[in-house]
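Asks: My questions will all concern the structure given below.
Protein chains: 2
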Amino acid sequence: MSIVVVGSVAYDTVETDHGGVAEALGGAASYFAIAARFFAPVSVVAVVGSDFRPEHEQLFVERNIDIRSLERRDGETFRWHGRYHEDMNKRDTVALALNVFQGFKPNLLPDQRTCDFLFLANIAPELQSWVLSQVKSPKVVAADTMDHWIANERPALDRLLPKLDVLTINDEEARLLSGEHNLVKAGRAILAMGPKSVLVKRGEYGVLQFSRQGMFAVPAYPLEEVVDPTGAGDTFAGAMMGFLARNGRLNESVLRTGVVYGTVVASFVVERFSLERITQLTWEEIDQRYRAFIELTDSHHSRWTSQS
Amino acid sequence: MSIVVVGSVAYDTVETDHGGVAEALGGAASYFAIAARFFAPVSVVAVVGSDFRPEHEQLFVERNIDIRSLERRDGETFRWHGRYHEDMNKRDTVALALNVFQGFKPNLLPDQRTCDFLFLANIAPELQSWVLSQVKSPKVVAADTMDHWIANERPALDRLLPKLDVLTINDEEARLLSGEHNLVKAGRAILAMGPKSVLVKRGEYGVLQFSRQGMFAVPAYPLEEVVDPTGAGDTFAGAMMGFLARNGRLNESVLRTGVVYGTVVASFVVERFSLERITQLTWEEIDQRYRAFIELTDSHHSRWTSQS
Chain Y
26 MSIVVVGSVA YDTVETDHGG VAEALGGAAS YFAIAARFFA PVSVVAVVGS DFRPEHEQLF
86 VERNIDIRSL ERRDGETFRW HGRYHEDMNK RDTVALALNV FQGFKPNLLP DQRTCDFLFL
146 ANIAPELQSW VLSQVKSPKV VAADTMDHWI ANERPALDRL LPKLDVLTIN DEEARLLSGE
206 HNLVKAGRAI LAMGPKSVLV KRGEYGVLQF SRQGMFAVPA YPLEEVVDPT GAGDTFAGAM
266 MGFLARNGRL NESVLRTGVV YGTVVASFVV ERFSLERITQ LTWEEIDQRY RAFIELTDSH
326 HSRWTSQS
Chain F
26 MSIVVVGSVA YDTVETDHGG VAEALGGAAS YFAIAARFFA PVSVVAVVGS DFRPEHEQLF
86 VERNIDIRSL ERRDGETFRW HGRYHEDMNK RDTVALALNV FQGFKPNLLP DQRTCDFLFL
146 ANIAPELQSW VLSQVKSPKV VAADTMDHWI ANERPALDRL LPKLDVLTIN DEEARLLSGE
206 HNLVKAGRAI LAMGPKSVLV KRGEYGVLQF SRQGMFAVPA YPLEEVVDPT GAGDTFAGAM
266 MGFLARNGRL NESVLRTGVV YGTVVASFVV ERFSLERITQ LTWEEIDQRY RAFIELTDSH
326 HSRWTSQS
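Sequence lines, in order, name chains Y and F. In terms of my numbering, the first sequence has 215 at position 190, counting the first letter as 1, and numbering is strictly consecutive. In terms of my numbering, the second sequence has 175 at position 150, counting the first letter as 1, and numbering is strictly consecutive.
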């Protein structure tokens, strides 16, 4: 089943202690779509400026990612410039220019309105609700959010939350949204705000999943080097949603496996700057690391001991 | 099979933002022995002063923990006074008095010299080696260490490491010992120093295990409240070694399950101050939380889907 994702397509400039990249393709919808496409068809709803480069359009086209709703407007594409600290869990925004993204209010195409899987990437909650209202009867609606909306658009966010099957949120945002420092309390408090499940992203410490069926904890895939954490959360969401769409349903078991695939694909994206690594990624590499991840977290070490 | 543990028995004063406890029983050997005793017989090798209270001796005796080598000397028992930050991963030592622990150089009893499982808690590496040299042919030797010895007793520590089956070490100490910030690099570098396996303790983020068979990552059991992190690492080591001793052997599969039991029992000890919680703990509670932990980390959600 196919997925519709609404969010940003951007040009990112990223600096770290070990290098950087300028004007690279980024934006939540880009990371999400390329990750999800390993699992299911994806339709991108976004806006870019007249400066959007053909080779970047090509990255979507050659993967058969539907960009009929990648709107082009006069002006410049959304730009973000960030600088990571030595501790890569921290970053500063050096510059941010919404450009053509300002005033973005997409109307879905008729076939997008009957999609089964909808991902509302990190945009204003009012806009997320606007898009959601156009979809007839989605099977799974997931959304991301950020500190800015939690602090400044809380009523709109509160209205959206009960409509979600899955909310993805990072640890600091979960604390901000819930007012609870402890992540178990925070996750449960957010669950009580309406979403059927909450995925708390903890960066290098993995993901904590909260649902009515209980908690699920996965570590991140341990890496020797993280080059650029940008887009890890959106890549995680893309692979996770992709797996759900490929299965055509959402239950606790499918969600857990989706979270593992999300973790696995996200572990690749941070190995290089921007989309470099996942645009080179093969299904065989995903499959191999998925097996390594199962082995990594298998408390019974069943590779050596079980029959299966 | 039985375990010998060598380490401190102390009186701890602990302060947190939410309360504290004064002159409570503590010390690595106390936490270790009480946790290990759920799984196997334990013999404690330590020293206390003339102020050591009968009710604390009773805590060991009533569990049938062997304290023939809990030496008594004139003077005061080791005292530690710590204060935790709001972020409980950080603490300051307010005061520390070795007292009778100074000059501690134990001679094992004849039956202790033939023990199969030996745990060298966090004491000077020279002293750890001295104890180890008295044991004939141990099956499993594990040790803990700390920043102080890494910084000041490195040659003695380097001589000890190749003799260890298991080294337990926290994340900051692993970075200090290896000179690597990245924990995967740090774990592998320490493995190259000689121990057959390295368990990197990451507090609320769980444990990363390194061995020649590969890596194993477990999250901590997510708790709504942590009252006092003191002794969590020693409790982890106690339950882990206890499980190994109960199984009578060490292989990758047994070690992984031991790490999970260590994680589970450690999750209880931090729920209250000092030894309050694990001295009240029952096997049924451990078993219940072990099952909850397997469920928590089961990416296939097999409770509902598997045959086993």
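Don't be surprised by glycine CBs; every beta carbon is placed ideally from N, CA and C.
Per DSSP, what are the beta-bridge partners of Y/R108 in this structure?
Replies: According to DSSP, Y/R108 bridges with Y/E40, Y/D117.
Asks: What residues from the segment 238-261 of chain F come within 9 Å of chain Y, judged by C-beta to C-beta, listed N to C?
Replies: Cβ contacts with chain Y: Q238, G239, M240, F241, A242, V243, P244, A245, Y246, P247, L248, E249, E250, V251.
Asks: Y/A248 and Y/V295 look like a contact to me (Cβ under 8 Å); what is the Cβ gap, rounded to whole Å?
Replies: The sequence shown places Leu at residue 248 of chain Y, not Ala. About 7 Å separates the two Cβ atoms, so the contact holds.
Asks: So for F/T330, helix, strand or coil by DSSP?
Replies: Residue placement at F/T330 is flagged as unreliable, the pLDDT there being 39, under the threshold of 50; the coordinate-derived value follows with that caveat. Three-state result, F/T330: helix.
Asks: Once DSSP output is grouped into helix, strand and coil, what is the label at Y/Y276?
Replies: Before going further, note that residue 276 of chain Y is Asn rather than Tyr in the sequence given. In this structure, Y/N276 counts as coil in the three-state DSSP scheme.
Asks: Residues of chain Y with CB closer than 7 Å to the CB of F/Y230, please, in chain order.
Replies: Correct list: Y230.
Asks: Does the distance from the C-beta atom of Y/L145 to that of Y/V31 stay below 8 Å?
Replies: Yes, the pair counts as a contact, with Cβ atoms nearer than the cut-off.
Asks: Reducing DSSP to helix, strand and coil, say where Y/I59 ends up.
Replies: Y/I59: helix per DSSP, three-state reduction.
Asks: Which complete beta strand (DSSP E) runs does the segment 255-312 of chain Y hold, if anything under 3 residues is left out?
Replies: DSSP runs (the beta strand (DSSP E)) wholly in the segment 255-312 of chain Y: none.
Asks: Is it right to say F/G273 is buried, meaning 16 or more other beta carbons lie within 10 angstroms of its own, or is it exposed?
Replies: Exposed: under 16 other Cβ atoms inside 10 Å.
Asks: Kindly indicate which three-state DSSP category Y/Q153 falls into: helix, strand or coil?
Replies: Helix at Y/Q153.
Asks: Check F/N195 in the structure and name its three-state DSSP category.
Replies: In the structure shown, F/N195 sits in a strand (DSSP, three-state: E or B).
Asks: Contact between the segment 96-104 of chain Y and the segment 120-139 of chain Y is defined here as three or more beta-carbon pairs at a separation below 8 Å; is this criterion met?
Replies: Result yes; three or more Cβ-Cβ pairs closer than 8 Å.
Asks: Whose C-alpha, out of Y/T38, Y/A245, Y/G44, is nearest the C-alpha of Y/G52?
Replies: Among Y/T38, Y/A245, Y/G44, the Cα nearest to that of Y/G52 belongs to Y/T38.
Asks: Apart from the five residues on each side of it in sequence, which residues of its chain come closer than 6 Å, Cβ to Cβ, to F/V46?
Replies: Closer than 6 Å at the Cβ level, and outside the excluded window around F/V46, lie V39, F298, S299.
Asks: With three or more C-beta pairs closer than 8 Å as the rule, is the segment 167-174 of chain Y touching the segment 142-158 of chain Y?
Replies: Judged by Cβ distances under 8 Å, the segment 142-158 of chain Y makes contact with the segment 167-174 of chain Y, as three or more pairs qualify.
Asks: Going by the DSSP bridge assignment, what does Y/F144 pair with across the sheet?
Replies: Looking at the DSSP assignment, Y/F144 forms a beta bridge with Y/V30, Y/A167.
Asks: Between Y/T41, Y/I319, Y/F103, which has its C-alpha nearest Y/A54's C-alpha?
Replies: Answer by Cα proximity: Y/F103.
Asks: Output, in chain order, the set of chain Y residues within a Cβ distance shorter than 7 Å of F/V191.
Replies: Per Cβ cutoff of 7 Å: no residues; F/V191 is ~16 Å from chain Y at best.
Asks: Put Y/Q83 into one of helix, strand or coil per three-state DSSP.
Replies: Three-state result, Y/Q83: helix.
Asks: Buried or exposed: which applies to F/H75, given that a residue is buried once 16 or more other Cβ atoms fall within 10 Å of its Cβ?
Replies: Checking the sequence, you will find Ser at residue 75 of chain F rather than His. The residue in question, F/S75, is exposed, as its Cβ has fewer than 16 Cβ neighbours within 10 Å.
Asks: Secondary structure at F/R97, three-state DSSP: helix, strand or coil?
Replies: Reduced to three states, the DSSP call for F/R97 is strand.
Asks: Closer than 7 Å, Cβ to Cβ, to anything on chain Y: give me those residues from the segment 265-288 of chain F, in chain order.
Replies: Listed in sequence order: E277, S278, R281, T282, V285.
Asks: Give the DSSP bridge partners of Y/Q234, in chain order.
Replies: Paired residues: Y/L224, Y/F241.
Asks: Identify which residue in Y/L186, Y/N207, Y/G212, Y/S236 has its Cα closest to the Cα of Y/N276.
Replies: The shortest Cα separation from Y/N276 among Y/L186, Y/N207, Y/G212, Y/S236 belongs to Y/S236.
Asks: Just how far apart, CA to CA, sit F/A167 and Y/S278?
Replies: Their backbone Cα atoms lie some 37 Å apart in a straight line.
Asks: Mind the definition here: the segment 155-165 of chain Y touches the segment 185-196 of chain Y only if three or more C-beta pairs lie below 8 Å; say whether that holds.
Replies: Judged by Cβ distances under 8 Å, the segment 155-165 of chain Y makes contact with the segment 185-196 of chain Y, as three or more pairs qualify.
Asks: Which word fits Y/L208, buried or exposed, when buried means at least 16 other C-beta atoms lie within 10 angstroms of its C-beta?
Replies: It counts as buried.
Asks: Quick check: what's the CA-CA separation for F/A257 versus Y/E229?
Replies: Rounded to whole angstroms, F/A257 to Y/E229 spans 22 Å at the Cα level.
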